[in-house]
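These notes concern the structure reproduced below.
In this note's numbering, the protein residues as written are 26 to 330.
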């Protein structure tokens, strides 16, 4: 199972996102010093910024329209205020064999965050190779109208996303052993991004480190904070923000702090769908790890720890 994936928890409307997330989005849009290069890029300059060594396929806009039946909403597998993701089929690179099933992300033209994400993912995902990281197959940056639709083509996750397995209650709960495997795989994927590349990749939208919100600067420790949020989601079976719950419970990190690992109330934060099929000792260790990710930036553990 691909355990580290870029679609997680992004596909919510602005009405469903927290003030924290909306504040982060506004900061990204207002942080113009970082955006000038991206904003000034024309449809012709985008492809030139992608090193040929990445070996990514370059798709035409018309190819991806056909692949998604003109971006048919019935093929949509994720939507948000700045991007949509569709399931589609493309021809193999050599034109031979069966069509390939892919996920096609279409970033909105009016989204500053989308511009930055497109360029960052093409530059960085094009060179990474790790069993726990989703593979970027190719991109598109020019359409028939000479605009910049900014599309990304990924391998399709046959096992679906972590979000799907944790929060789709109509399906069987994710077993405890599988959750532990996902935690390990996610940590390995992030550690590779932080330590295994010449260029470091940091920042996952929606899981913001408070230090980033204060300073506007992302570091590798910012992703460690986001990893903490994912740990608690896996342990509790709850989203980081759930507006259907009471105010006292809607923010996951605030809620779990009321039941620390050494308290009698600790078991109340464990996903009830697990029943008794989990190790309380391992659960306590996961929380200790998660809490180490919550420390201030200079005290926070590195991802490979």
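Cβ atoms here follow ideal geometry from the backbone N, Cα and C, with glycine treated the same way.
Note that the structure is predicted; figures quoted are calculated from it, not measured.
- Three or more beta-carbon pairs drawn from the stretch 294–312 and the stretch 196–203 are found closer than 8 Å, and the two stretches are therefore classed as touching.
- Here residue 122 carries a coil assignment [DSSP, helix/strand/coil].
- Rounded to whole angstroms, the gap between the alpha carbons of residue 107 and residue 191 is 24 Å.
- Between residue 263 and residue 277 a beta carbon distance of about 6 Å is seen, short of the 8 Å cut, so the two are scored as contacting.
- The residue among 131, 102 and 286 with its C-alpha nearest the C-alpha of residue 317 is 286.
- Between residue 257 and residue 315, the beta carbon gap of about 6 Å places them in contact (Cβ cut-off 8 Å).
- Between residue 267 and residue 178, the alpha-carbon positions lie close to 30 Å from each other.
- Taking the CA atoms as reference points, residue 128 sits about 42 Å from residue 290.
- One alpha carbon belongs to residue 131, the other to residue 185, and they sit about 19 Å apart.
- Going by C-alpha positions, residue 109 is about 12 Å away from residue 93.
- Of the residues assessed, residue 206 falls on the exposed side of the cut-off, its CB having fewer than 16 other CB atoms within 10 angstroms.
- Residue environment: residue 261 is assigned as buried (16 or more neighbouring CB atoms within 10 Å of its CB, all protein chains considered).
- Relative to residue 102, the option among 144, 88, 308 and 181 whose CA is nearest is 181.
- Where residue 109 is concerned, the enclosing beta strand (DSSP E) starts and stops at 108–115.
- Note: residue 103 is bridge-paired with 110 in the DSSP secondary-structure output.
- The three-state reading of DSSP puts residue 146 in helix, counting H, G and I together.
- Taking the C-beta atoms as reference points, residue 96 is found no nearer than 7 Å to residue 165.
- Rounded to the nearest whole angstrom, the C-alpha separation of residue 123 and residue 114 is 10 Å.
- Put simply, the backbone Cα of residue 121 is about 51 Å away from that of residue 270.
- Here residue 253 is buried. Its C-beta has 16 or more other C-beta atoms within 10 Å.
- Taken through DSSP and simplified to helix, strand or coil, residue 268 comes out as coil.
- In this structure residue 293 touches residue 284 by the C-beta definition: roughly 5 Å separates them, less than 8 Å.
- About 7 Å separates the beta carbons of residue 112 and residue 126, which is inside the 8 Å limit, making them a contact pair.
- Residue 308 sits buried, since 16 or more C-beta atoms from the chains shown fall within 10 Å of its C-beta.
- By the Cβ neighbour-count rule, residue 310 is exposed, with fewer than 16 other Cβ atoms within 10 Å of its own.
- Contact check for residue 99 against residue 176 fails: the beta carbons are separated by 7 Å or more.
- Between residue 163 and residue 91, the C-beta gap is not smaller than 7 Å, which leaves the two residues out of contact.
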